[in-house]
Amino acid sequence: MIMSPELIAEFFEDVGVKKQCPACDAEGWIVPPDTEGDGTGVLRFRADGNDKDKLKSGLTYVYVICRNCGFIRPHTRAQIVRWVRAREEAGSAERREA
Ligand SMILES: [Zn+2]
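Take a look at the structure:
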């Protein structure tokens, strides 16, 4: 699922993410282009301490950058995907009722 700036903005709005930068209180954010699966925005960690060569698991996230001070704020991709799916399910339930 590609996270467009519009989708991310809608998610922030819906879940009540504050617009202010926690570092400088400015309100403008840059959303870098999302290219799912290219390795950017992935925190890798080892799920199995015995296998030092393989990074078996990871946490993918989208991030936004404060236009004023450059503060980087990450949000896990899984949370946004859950939000999108819940919204889709709510939408299809409404259509069934109509
Ligand atoms: Zn800032």
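Going by the working numbering, the letters in the sequence shown line up with residues 35 to 132, in that order. Even for Gly, the Cβ is constructed at its ideal location relative to N, Cα and C. If you're wondering where the values come from, they're calculated on a predicted model, not measured in any experiment.
Euclidean distance between Cα positions of residue i and residue j
i, j, result
"residue 58", "residue 43", "20 Å"
"residue 121", "residue 103", "33 Å"
"residue 72", "residue 116", "Model confidence at residue 72 stands at a pLDDT of 46, short of 50, so the residue's coordinates are unreliable and nothing is read from them."
DSSP state of residue i mapped onto helix, strand, coil
i, result
"residue 72", "In this prediction, residue 72 has a pLDDT of 46, which is less than 50 and means its spatial position is unreliable; nothing more can be read from the coordinates."
"residue 104", "coil"
"residue 125", "helix"
"residue 99", "strand"
"residue 114", "helix"
"residue 36", "coil"
Buried or exposed by the 16-neighbour rule on C-beta atoms within 10 Å, applied to residue i
i, result
"residue 114", "buried"
Contacting residues, own chain, Cβ-Cβ under 6 Å from residue i (five flanking each side not counted)
i, result
"residue 98", "63, 65 and 107"
Proximal residues to residue i (C-beta, below 8 Å), its chain only, five neighbours per side dropped
i, result
"residue 101", "60, 62, 63 and 64"
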